[in-house]
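Keeping their order, the protein sequence lines are chains H, Z, B and P.
Per our numbering, residue 1 is the first one in the first sequence, and the count goes up by one each step.
Per our numbering, residue 296 is the first one in the second sequence, and the count goes up by one each step.
Per our numbering, residue 591 is the first one in the third sequence, and the count goes up by one each step.
Per our numbering, residue 813 is the first one in the fourth sequence, and the count goes up by one each step.
To keep things clear, I will list the structure first and then write my remarks on it.
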Amino acid sequence: MSFFPYILKQTGRNLRKTWATQVMTLLTVSLSVLIFSFFYLIHTNILKAGARLGDELRLIVYLDDEVVPAMQEQLKKRITDFTEVENIVFISRQEAFTRLGDELGNDQDVLQDMTPAFLPPSIEIYPKKNLKTLTTIKRFSDYLITLPGAQKVQYGQEWVERFGYFNSLLRIVVLLSAGLLVISTVFMVSYTIRLTLFTRHEELELLRLLGATNTYIQGPLLMEGLLQGFMGSGLGLLFLFLLFSWIQLRFSGPGFLKLFDFTFFPPVVTCTILMVGVLLCSLGSIVSIRKFLRV
Amino acid sequence: MSFFPYILKQTGRNLRKTWATQVMTLLTVSLSVLIFSFFYLIHTNILKAGARLGDELRLIVYLDDEVVPAMQEQLKKRITDFTEVENIVFISRQEAFTRLGDELGNDQDVLQDMTPAFLPPSIEIYPKKNLKTLTTIKRFSDYLITLPGAQKVQYGQEWVERFGYFNSLLRIVVLLSAGLLVISTVFMVSYTIRLTLFTRHEELELLRLLGATNTYIQGPLLMEGLLQGFMGSGLGLLFLFLLFSWIQLRFSGPGFLKLFDFTFFPPVVTCTILMVGVLLCSLGSIVSIRKFLRV
Amino acid sequence: MVELVKVSKVYPPDIMALQDVSLSVQRGEMIFLTGMSGAGKTTLLKLICSLETSDKGHVEVAGHDLNRIKPVVLQRLRQKIGVAYQDFRLLPQQSVYQNVAMAMEVAYLPPSFIRKRVESLLDQLGIADKVDKLAGKISRGEQQRVAIARAAANSPNLLLADEPTGNLDATITKRVVALLESLNQAGTTLIIATHDQSIYRHTNHRVIHMEQGRLTEPAVAR
Amino acid sequence: MVELVKVSKVYPPDIMALQDVSLSVQRGEMIFLTGMSGAGKTTLLKLICSLETSDKGHVEVAGHDLNRIKPVVLQRLRQKIGVAYQDFRLLPQQSVYQNVAMAMEVAYLPPSFIRKRVESLLDQLGIADKVDKLAGKISRGEQQRVAIARAAANSPNLLLADEPTGNLDATITKRVVALLESLNQAGTTLIIATHDQSIYRHTNHRVIHMEQGRLTEPAVAR
Ligand SMILES: Nc1ncnc2c1ncn2[C@@H]1O[C@H](COP(=O)(O)OP(=O)(O)OP(=O)(O)O)[C@@H](O)[C@H]1O
Ligand SMILES: Nc1ncnc2c1ncn2[C@@H]1O[C@H](COP(=O)(O)OP(=O)(O)OP(=O)(O)O)[C@@H](O)[C@H]1O
Ligand SMILES: [Mg+2]
Ligand SMILES: [Mg+2]
């Protein structure tokens, strides 16, 4: 009889014989995958949200005097000397005044007796997306104050700082927990597989004594590892998707969606996670099996 | 010979005989405790940080006209009719003007030609700490606009909203992951204990056949569970403390500490976690043991 | 000491291991149980030490009805029934000493007494030099003697030995029989299931023969 | 078939299980290995099927030096050596059929052939009715026969039987001996370690006696 049907038959038999342990292992694997991918999902979404929030960041340089168009080019050059920026807008006294009027809305009448003169002209600078960390923004602001005629640089320091700290704290949390969880996943999977093998120690030993070839012994175990990895990861991802859908359904207030365009993994990432799960389990099997193959 | 020394002797012997499994169990327990307490620590610290940030929240009601002291009492009453507040401050035109001057700093000269008249008077309201959720703040703001003479209510809507969403998202993450982790902890601990007992199935069965009393069989196992729980939780908490110290050392910039007074659990909580760990493990042992005690 | 009245035992789904077995063993008796492989000898012994329960009939040991015995009483009773199982049931990861001592430790006997007793037993069975070896790392015949030593350790009132000499040569078989005889002299009731004709051929003890779950010779007193 | 030249085996730390054992077994021979419990019979058989390795000396089986054999060759060789272990080494959670069939499945024999072979063997040993029972749920003597059936299943060139009748009564012992004899007639080389005088007392095959790790009778051809 040929080799392949034997492997399949043997695998099927093993799965049936030890289904309780199999289910346990499956649950462990899927739980681990679920936990890990859950954090990974959160992490990617936070990165995206951070990018969005950063879009609205601008630095305002208040100036002594109106900038004449000739000067504008020179200032632009000096600014871009420091770093590439997304956009630079010059605001004159008049523009600032109009804007204040718009902001005051119904209160516009308080501006009635005013001339635009009391508001300083300014430059609004929208930095590039790569300029995200607090320190770089601070350094940029320190640089901007040295521009000729610059009075003051403002960028919502307090809130940006707060958000930045918050964001980086969150990232630390996510990364640390992901690290913890990868460790525990690998640990648990290899532990479980080792224990499974331990309970089947006698069978493997006997097969060895009966002169079974390595492929005969390893084949079914590897198949099992593959199946475990595939089904475990699949289940984990399925659970994650259900959890994700639930979160979306439960917390998709308009404000929430505005801030967080909470999305699932793209198919490529899903497949990668699946493959990694399969690989980890197979690897775990192989490593553990090797111990029993000293003929 | 009396009963107690036997139990201790037996426990010591078991621990020595099966030290590999014991170490595995210990690591599993401590990893679970570590993961859980890690999230719990983050969670408590975020709650605290949220409370701090909320401290600085204020609502500003811009008014048509200066409030005469007689009116102040009435307005205060109307405000506190809606909800208790921490503090209410009345800002006159003059005060607002002075403040703007302070804020402009070196640019003060732009105010030279101005009279305080162009700035509206306002009421600043510092809400109580329990008024934290966005919806309540919004409702409060909607109420404030109905005050006589109120022109506009402002409370840094955009940022407060953002921070609120962010905060609640984070809380969901922490809660969900804590949930996931409690499940996996309980699952893993009971699974590990069951497997440990499974490998010692023969011994327990034999003791039963030799007529050992229940206490003789259960005693050492219970002791083991207790020790495992104690040492596992202890180790987990120790790791957490090391991790915590590392984070504090690594990320304790002044801005960070300002926002997050990142603190460890108070001793009571530490003890509680330890106790719960011990309890869980003992319970796991007992439940699993019971299966082997059908005489 | 042992009373069986019309006892039947069915292993699910359909294996009639014992059929209407009635047997009475007096205190201090020594009887041999023989019969083909699969006749039901082990099953009979398992009923007596309540490792299995009967489906029909009455099993009484030392005055206790085993179908209605309380757990605590059963534990006490078992401490005074020594069993040398056919598959030994040793703990391979523990030392020979530990395996034998176990039977006495569950009765909370003092360690010094246990030490002496174990050494004397192992000596009588010729495996004194194996006392500190792991039970899984000695020869099969040596394991069998450890199993016998454990059964005899706690000076039981009733000793059940299931094929106690299957892995032993003639010389050691004689030592084992001598040990069992001496226990019997000291008052222990013995039931020995065996295939080894050499140990029961010339005996003046009662020999009971089983066939397909039934006793074929009437159980006469010696 | 089997060549041992001055073979010694020490179990750590200090147990001299075999000392300078030299033995030559011709193809088609049937020899009995006797000796006290602990003499080293099992150890000798373990060396031959390379379950243990010798510390000194030369072990050759079917032309292969076992100290220098490649894993792949050893696997092939093992498929053609049947061993009935003293402790059976059955898988209690699998059926009797599965236990016996295993020995042939590892050689990728066709299922229909396996079925026939298993049934014929179990029938010869009188346990045809236990074919679908779990190996852990039959009597000890039945288990022993399953172990023998598995050893004989793949029509081995060399069959090692370690105490094959320890749990069997006289009648069934005869059937087992008959089976072994018939295998020998068909060309299988047999080495049988046993305490049971009844199976070697009147034989005209070679009988080898061991004592404390040494062969005491010179190994003469029959
Ligand atoms: N746990 C079990 N489950 C099902 N059937 C069993 C079990 N144990 C034994 N049997 C069957 O019950 C019958 C009697 O078995 P028992 O072990 O009592 O025989 P025995 O006389 O001790 O035989 P041996 O001399 O081979 O040990 C046999 O047919 C056996 O297959
Ligand atoms: N795995 C082992 N580790 C250490 N010592 C062992 C091991 N197996 C056997 N021995 C020792 O080696 C010696 C020979 O053992 P072996 O099993 O070969 O004896 P045997 O002739 O088969 O005895 P029996 O008839 O009791 O089966 C004995 O003293 C035994 O205690
Ligand atoms: Mg039996
Ligand atoms: Mg042996």
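The beta-carbon is built from N, C-alpha and C at its ideal position, and this holds for glycine as well.
It should be emphasised that the depicted structure is a prediction, and the values quoted were computed from it without experimental measurement.
Taking C-beta pairs closer than 9 Å, name the residues in chain Z that residue i reaches, listed in chain order.
i	result
R735 of chain B	Here the premise fails: no neighbours, minimum Cβ distance about 17 Å.
R679 of chain B	E497, E500, L501 and L504
Using DSSP bridges, identify the partner residues of residue i.
i	result
Y62 of chain H	H:S122 and H:K152
T779 of chain B	B:L748
T136 of chain H	DSSP output for T136 of chain H lists no bridge partner at all.
R1026 of chain P	P:E1023
T624 of chain B	B:H799
A674 of chain B	B:A751
H654 of chain B	B:V651
I91 of chain H	H:S122
E593 of chain B	B:S614 and B:E650
Y823 of chain P	P:I827
V380 of chain Z	Z:P422
L724 of chain B	B:S685
By Cβ distance, which residues of its chain are closer than 8 Å to residue i, with the 5 residues on each side in sequence left out?
i	result
L26 of chain H	Q228, M231, G232 and L235
H648 of chain B	E593, L594, V595, K596, V597, D655 and N657
P415 of chain Z	Y357, L358, D359, R388, A391 and Q446
G716 of chain B	R735, I762 and R765
L971 of chain P	I893, G894, V895, A896, A963, A964, L992, L995, T1000, T1001, L1002 and I1003
F239 of chain H	S30 and L34
Quick one: which chain B residues come within Cβ less than 8 Å of residue i?
i	result
T508 of chain Z	V662, Q665 and V696
Y301 of chain Z	E695 and Y698
Determine the chain P residues that contact residue i at a beta-carbon separation under 7 Å, and present them in chain order.
i	result
S880 of chain B	Since the first residue shown for chain B is 591 and the last is 812, residue 880 of chain B is missing from the structure and cannot be characterised.
K17 of chain H	Q905
Y216 of chain H	V918
Strictly below 8 Å CB to CB, what residues from chain Z border residue i?
i	result
A693 of chain B	L505
Which residues in the same chain as residue i place their Cβ atom closer than 6 Å to its Cβ, once the five residues preceding and following it in sequence are excluded?
i	result
P127 of chain H	V85
D604 of chain B	none
P803 of chain B	In the sequence as presented, Pro is not what sits at residue 803 of chain B; that position holds Gly. Closer than 6 Å at Cβ, skipping near neighbours: M606, A607, L608, Q609 and G630.
R200 of chain H	none
N774 of chain B	M620 and L780
N747 of chain B	K670
E872 of chain P	E815
Going along chain H in order, which residues have a C-beta closer than 7 Å to the C-beta of residue i?
i	result
Q898 of chain P	Those within 7 Å of Q898 of chain P in chain H number zero; the least Cβ separation is about 13 Å.
In chain H, what lies closer than 8 Å to residue i by C-beta?
i	result
L934 of chain P	Those do not exist, as L934 of chain P stays about 18 Å from chain H at its closest Cβ, beyond 8 Å.
Leaving aside the five residues before and after residue i along the sequence, list all residues of the same chain whose C-beta is less than 7 Å from its C-beta, in chain order.
i	result
G625 of chain B	K631, H799, M800 and E801
H1017 of chain P	M842, I843, F844 and R1034
Q891 of chain P	V918, A919 and N966
E954 of chain P	I939 and K942
G840 of chain P	G999 and T1001
Name the chain P residues whose beta carbon is nearer than 8 Å to that of residue i?
i	result
E732 of chain B	S849 and G850
For residue i, return the contacting residues in chain H, with the cut-off set at a CB-CB distance below 9 Å.
i	result
R890 of chain P	R208, L209, L210, G211, A212 and V295
Chain-ordered residues of the segment 737-765 of chain B with a beta carbon less than 9 Å from chain P: From the segment 737-765 of chain B, only D752, E753, T755, G756, N757, L758, D759, A760, T761, I762 and T763 have a Cβ closer than 9 Å to chain P.
Please enumerate, following chain order, all residues with a beta carbon closer than 5 Å to at least one heavy atom belonging to ligand 1. Here the residues come out as B:Y601, B:I605, B:A607, B:S627, B:G628, B:A629, B:G630, B:K631, B:T632, B:T633, P:K949, P:I950, P:S951, P:R952 and P:G953.
Taking a cut of 8 Å between CB atoms, which residues from the segment 1002-1026 of chain P lie near chain B? H1007 and Q1009
Quick one: which residues of the segment 855-879 of chain P get their C-beta closer than 7 Å to a C-beta of chain H? List them in chain order. L863
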